[in-house]
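Inspection log for the structure reproduced underneath, given as C-alpha cells.
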Amino acid sequence: MLRTRQAAKAIRAVANARSFTTTSAVASVHTSKKGQFQESIYCCCDSMSRRTRTMSSLCNPRKNDMDESFIGKTGGEIFHEMMLTWRETHLWILAVPFSPFSMPSTTQSTSTLSSPSKVLATAEGYARASGKPGVVLVTSGPGATNVITLLLSKRPMLSVFLACTKWNVMVKNVAELPRRINEAFEIATSGRPGPVLVDLPKDVTAGVLRRAIPTETALPSLPSAASRAAMDVTKKQLEGALQRVGNLVNKAKKPIIYAGQGIILSEGGPEILKELADKSSIPVTTTLQGLGAYDELDENIAKFAPGAKAAAAKGCGGIVHFKIMPKNINKVVQVTEAIEGDVATNLKELLPLIESKTMDDRKEWFNKINEWKKKWPLTDYERAERSGLIKPQTLIEELSNLVADRKDQTYIATGVGQHQMWTAQHFRWRHPRSMITSGGLGTMGYGLPAAIGAKVAQPDALVIDIDGDASFNMTLTKLSTAAQFNIGIKVIILNNEEQGMVTQWQNIFYEDRYAHTHQSNPDFIKLAEAMRVQNRRVSKPEDVVDALKWLINTDGPALLEVVTDKKVPVLPMVPVGSGLHEFLVFDGAKDKKRRELMRERTCGLHG
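Here the UniProt record's numbering is used: position 540 in the sequence shown is 540, and no number is missing along the way.
Here it is in C-alpha cells:
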C-alpha cells in the first residue's frame, strides 16, 4: 500500500511539472502557472541540443487525436507551419541557410538581426514589453553559443566551460594561486595546445598571503614504475606501427600528405614535413588551418586528395593518421594505421624507414595531378563577363602579388564567410602561422580582433584583416581599440551587402529563396572617420592595385572598403553528402543561365 501511495505521488509530481527532456530541435518554454507563458521562448536549430518543452498532463491519459497534416513535410517546414500558428509572437532570426526559413511569410512577424550575442536580449525585451513570447532562431555553432550569456544567472563557471576547455580549476585560497597559474600554463602549452580556465573568486584576489608557499605544480614529474612499463610497451607498439606505415608509403603508387594545423603547432613540424615530402616526392595538400605548413610554390604542392578510402578497401593502400589526441583517431574517417603522439617527433622516426624516390619515379602520379590542375584551376572564375565590377578573387590575387616579397612578415586574419574561402584559395601561402582564421564552429567577426592580437604579437609585421561586410558588422566596435592604442592593422572589407555564404546555398539549393541574408550596412567610411581610422573606398577594378598599395603603405590602422560584385559563388564546392570528386566548378554558360534565372525569380532584384 505504501509503495502504491509513493507511486501515486510520483505520478502527480511528474504531472504537475508537465515537462520532459528531449533531443529534438524545439523551443524552450518557461511556464509559471498552468497555461501561462512567463517570458520568452528560446529556440536553436541544433538537433543535438537538449531542450525542454511542455506536454499534456499524465493524469487521466486518453488516446490522442492524430494529426496527418504534416505528413510529407520536412522538420523545417513543420517548424515554419508551427510558427505561423503562433501569430501573436515575433520571430527574431539570424540567417539560416536552409529551405523552410527561405520561404517568405506575410502572416508571421519577423526581424533579421546581425549579431547573435544580442539577439536574445532583443527577444527578451519584446517579451517583457508585450507580455508575449519572443522566439529566437539562430544557426548552430557560434550562433547558439552566443545566446548563452543571457540565459546564465550566477551559474558556476567551471560547469559552463567544462566542455570547451582542456582543463579548468577554481582557486580556493590565495596560497594555491601561484601553483594553479603554473599548472594552467603547462597544460595549455603541452600536448595539443588548447584553452584552460582559472576561476578566481573575489576573496582569493582580495586575500593577503602571509606565509611562504611552494610554487611547483602538482603535476607528476617522474613516471612511476607502472607508467614506465606501459611506456615501454607503447614504444614497441609505436615502432611496429611506424614500420607498417613505412611499408605502406614505400609501396604506394599515388601517396599524398594531407597536413593540418597540428604540423604547424608541433615544433619543427613544417621542416620535417618538407623533408619527408622531398625525400619520397610525395605531393602535399593542407586543411584550412594547415595553410602555410607547406610552401604553395613548391612543386610538390597538390590541391586534391583522392582515392585513399577506395585503395584501403581494396587492400592496396590506405589512410595513416598522425594524431596527438587518441580520442580523435577514427572519429570521422576509419584509418588503416594510427600513430599517436607528437606529429613532428613521429615523422622524424618514420623518415629513415621511407625510401627515396624522385618525381620521375612518380611521373604518372604527378602528371595526373597536373592534369587535374589544368582541368579545374582555381583561377577559373568569372572575370570580364560583368565589366565594371570588382571580383573579390581578383583583389585577393592582387594583394598576394603585392606582398610576394614579404610573405614571411605578412599575417592574414579573416572573418567567416565567402571571403574566408576566397582568401584561402587565392592568396599564396608560403609560411606557417601566416593564416589566422576561425575553424571549428566558424565564428563570424573573428577577423578584426584576431588581427589586433596578431599585430600586438608581431608589431613589425604587416597584419591584414580580410573581412566580409556581414562578418565585420559582428565586431566593428573593435576598430576603436585599434585606433585608441594605434595598433597598425589594415582592414579590407569586401562589401557585397549580403551574407554571401548563406545566399550561395539559397541560390544553388533553394531556388533563390533569399531570406534574412541581405542587410543595410552602416557607412563604413564614416564609421572609420568617427573612430579616427584612415580610410578609403574603391569600387572600380582599375583602381584596386593603387588602393591596395595605399593600404599596405599607410602608417597606423587603416580601412579599405571594397564594393564588390554580388552573388559571386565560392567554387569549387562539394555539396553536402557528395564525394570529393563530385564538386561543383565554375562554368561560364551555366553561370550565365544561373544569373538569368536568379533575375527572373527575384524580379530583377538580384543577378
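We put the CB at the ideal spot given by N, CA and C, even for glycine.
Review point. When burial is assigned at 16 or more other CB atoms within 10 Å of the CB, is I264 buried or exposed?
Key: buried
Check your understanding: In three-state terms, what does DSSP make of V538?
Key -> strand
Exercise for review: Could you give the DSSP three-state label for M157: helix, strand or coil?
Suggested key: helix
Point to revise | Among L548, V135 and N64, the one whose alpha carbon lies nearest that of S396 | key: Note on residue identity: the sequence assigns Ile, not Ser, to residue 396. Selected option, being the one with the closest Cα: L548.
Exercise for review: Use the C-beta contact count for W365: other C-beta atoms within 10 angstroms, 16 or more gives buried, fewer gives exposed.
Suggested key: buried
Review point. For A127, which three-state DSSP category applies?
Key: helix
**Study point:** Whole runs of the alpha helix (DSSP H) within the segment 455 to 507, excluding any shorter than 4 residues
**Key:** 469 to 475 and 479 to 484
Practice item. Quick one: measure Cβ to Cβ for W376 and P572, integer angstroms, because I've assumed they're closer than 8 Å. Key: 6 Å
**Study point:** Whole-angstrom distance between V335 and S281, CA atom to CA atom
**Key:** 22 Å
Exercise for review: On the DSSP bridge assignment, give the partners of T285 in chain order.
Suggested key: Y258
Check your understanding: Among V196, V456 and N173, which residue has its Cα nearest to the Cα of T205?
Key -> N173
Practice item. Using three-state DSSP, classify V343 as helix, strand or coil. Key: helix
Point to revise | Spatial neighbours of G207 in its chain, beta-carbon cut-off 8 Å, leaving aside the 5 residues before and after | key: N173 and V174
Review point. Where does G134 sit, in a helix, a strand or coil, going by DSSP?
Key: strand
**Study point:** DSSP state of A293 mapped onto helix, strand, coil
**Key:** coil
Review point. Going by the CB atoms, is the gap between Q418 and V570 shorter than 8 Å?
Key: yes
Exercise for review: Check each candidate in K274, T394, L238 and L402 and name the one with the smallest Cα separation from H321.
Suggested key: L238
Practice item. Put V574 into one of helix, strand or coil per three-state DSSP. Key: coil
Check your understanding: Hey, quick one: how far does the beta strand (DSSP E) through F322 stretch, first residue to last?
Key -> V320 to K323
Check your understanding: Which partner residues of W167 appear in the DSSP bridge assignment?
Key -> V196
Review point. For the alpha helix (DSSP H) that contains V204, what are its first and last residues?
Key: K202 to A206
Point to revise | Beta-carbon proximity list for Y126, same chain, < 6 Å, skipping 5 on both sides | key: H90 and G134
Review point. Which residues in the same chain have their Cβ closer than 6 Å to the Cβ of A188, if we skip the five residues on either side of it in sequence?
Key: V196
Point to revise | Every unbroken alpha helix (DSSP H) inside the segment 511 to 561 [4 residues or more] | key: 524 to 530 and 544 to 553
Check your understanding: Under three-state DSSP, which class holds M66?
Key -> coil
**Study point:** Backbone CA spacing between I432 and P270 [nearest angstrom]
**Key:** With the sequence shown as reference, residue 432 is identified as Pro, and Ile is not the correct amino acid for it. Going from the Cα of P432 to the Cα of P270 covers about 7 Å.
Review point. Got a sec? Which residues, its chain only, sit under 7 Å from residue 652 by beta carbon, not counting five neighbours each side?
Key: For residue 652 there is no data in the structure shown, the boundaries of the chain being 1 and 607.
Exercise for review: Take the Cβ of C603 as the centre, count every other Cβ of all protein chains shown within 10 Å, and call the residue buried at 16 or more, exposed below.
Suggested key: exposed
Exercise for review: Out of R179, K236, I272 and L288, state which residue places its alpha-carbon closest to the alpha-carbon of W429.
Suggested key: L288
Point to revise | Nearest to M359 (by Cα), restricted to the options A404, V333 and N300 | key: N300
Exercise for review: Take E455 and list the residues in its own chain whose beta-carbon comes closer than 7 Å to its own, dropping the five residues that flank it on each side.
Suggested key: One detail in the question is off: residue 455 reads as Lys in this sequence, not Glu. Here the set comprises V463, I487, G488 and I489.
Point to revise | Residues near K590 by beta carbon distance below 8 Å, same chain, minus five either side | key: none
Practice item. Express the C-alpha separation of M170 and D199 in angstroms, rounding to a whole number. Key: 4 Å
**Study point:** T22 in three-state terms, based on DSSP
**Key:** Confidence is the limiting factor: at T22 the pLDDT is only 38, short of 50, which leaves the residue's position unreliable and the question unanswerable from this model.
Exercise for review: Spell out the partners DSSP gives M435 in its beta bridges.
Suggested key: I412
Practice item. Pull up the CB-CB distance for I436 and A482, whole angstroms please, since I reckon it's below 8 Å. Key: Going by Cβ atoms, the distance from I436 to A482 rounds to 15 Å, so no, they are not a contact pair.
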